[in-house]
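So the sequence shown is numbered by the numbering used here: it starts at 504 and just counts up by one. Backbone N, C-alpha and C fix where the C-beta goes; we use that ideal spot for every residue, glycine too.
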Amino acid sequence: MNDPIEMVKDHWNDLTKHVLEVAAAGGLGSLDIVQYLLVGRSTLPEDIKKTLTVTDLSPVMVGQNLTEVATGSVDRYVAGLCLQLTPDPDAMLRFTIWGSADRSGMFTIIPAVNKELGFEENAGMHSFFTLGKDLLSLRKRFALAGFKNVQIWPCQCVVELWSAEDFAKYEQKVYSISSRMTR
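So, in structure tokens, the structure goes:
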């Protein structure tokens, strides 16, 4: 599989002026985006204003509803790991990334562990993978939401796995098994 950053570069348009990134978390993707807006990297004249608006899903940042961003005011929209977190994906289609089980260890390990521990209700395929199963239908959903020129490509979901034992300890700490057993 290609390097995800190189894939973004392949799909990026250096005529971009106004970028909105949502679900930015720590902002690592933002650092890559800003490289394309710098003088000398863009093919736009230096006197043309370029903007990068970065937000997270937290109300303390720009805001969950992004009420300050006017419809049609951005020419690039970047989102990662967020559409699958919403209860109504069609209502939140502008916040998007979906998974593929063969590329996303984080969302396949936990169901496998749950199955091994006998927690069958949480042992199935994670719902995060359903949106990427049928790309034609997904493109139609984007079109219905008003998007044009949609580009779709996979992105590696990386989880640092120090060792199986350390990962099990981490999972036990984060998702306390003892609290599940008392349910």
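Item, Value
"Based on DSSP bridge pairs, tell me the residues matched to Y580.", "L523"
"With three or more C-beta pairs closer than 8 Å as the rule, is the segment 547-562 touching the segment 613-622?", "no"
"What is the DSSP secondary structure of L692, counted as helix, strand or coil?", "The question about residue 692 has no answer here: the residues shown for the chain are numbered 504 through 686."
"Check each candidate in I612, V572, E571 and T556 and name the one with the smallest Cα separation from A671.", "I612"
"How about V577 and V522: do their beta carbons lie closer than 8 Å?", "yes"
"Following the continuous alpha helix (DSSP H) through F645, name the residue where it begins and the one where it ends.", "L638 to L647"
"Is the beta carbon of A526 sitting closer than 8 Å to the one on S533?", "no"
"Please work out which residues of its chain come closer than 7 Å, Cβ to Cβ, to R642, disregarding the five sequence neighbours upstream and downstream, and give them in chain order.", "V653"
"Starting from the C-beta of N625, find all residues in its chain whose C-beta is less than 6 Å away, skip the five residues before and the five after it, and write them out in chain order.", "N617"
"Are T556 and V572 closer than 8 Å when you measure CB to CB?", "yes"
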